[in-house]
Amino acid sequence: MDLHSSELPVILRNLRKEAGYTQGELALRVGLSRETVSAIENNKPESLRTLQIEVVKKWWSVCRTKAKEETRNNFVNQIVGYFKFITDRL
1 MDLHSSELPV ILRNLRKEAG YTQGELALRV GLSRETVSAI ENNKPESLRT
51 LQIEVVKKWW SVCRTKAKEE TRNNFVNQIV GYFKFITDRL
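The sequence shown maps to residues 1 to 90 in full-length UniProt numbering.
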């Protein structure tokens with residue numbers, strides 16, 4: 001499973017929405033532009049290619065306490081799958 005799979009943008013969008021943030025509010029908290037948040041959530045390949053794990057960690061940190069358990073679990077499963085993918089290649 002790749003961190004840049006088509007599920008990640010949906011999970012990140014759900015985290016943001018459930019946390020009650022607009023794209024602009026989240027962008028300020030994470031250190032991105034609103035346009036970049038929008039591009040990530042809309043699965044724009046050029047934005048996803050440059051998505052760093054630090055950005056994903058900040059996004060998670062900002063949104064996790066307000067997101068539903070199911071969304072949090074989806075996020076964790078996606079990230080665990082990514083790291084398993086990486087370690088399987090070592």
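Beta carbons are placed, not taken as given, at the ideal position from N, Cα and C, and that holds for glycine.
query, result
"Where residue 6 falls, given that 16 or more other Cβ within 10 Å makes a residue buried", "exposed"
"Own chain, CB closer than 6 Å to residue 29, minus 5 neighbours either side, in chain order", "62"
"Candidates 18, 38, 34, 74, of which the one nearest residue 24 by Cα", "34"
"Nearest-angstrom Cα separation, counted from residue 42 out to residue 31", "18 Å"
"N- and C-terminal bounds of the alpha helix (DSSP H) containing residue 24", "23 to 30"
"Residues near residue 77 in its chain [Cβ-Cβ closer than 7 Å; skip 5 each side]", "none"
"Local Cβ density within 10 Å of residue 71, reported as buried at 16 or more and exposed below that", "buried"
"8 Å Cβ shell around residue 59 - same chain, five flanking residues per side excluded", "12, 15, 16, 26, 30"
"Exposure label - residue 80; buried when at least 16 CB within 10 Å", "exposed"
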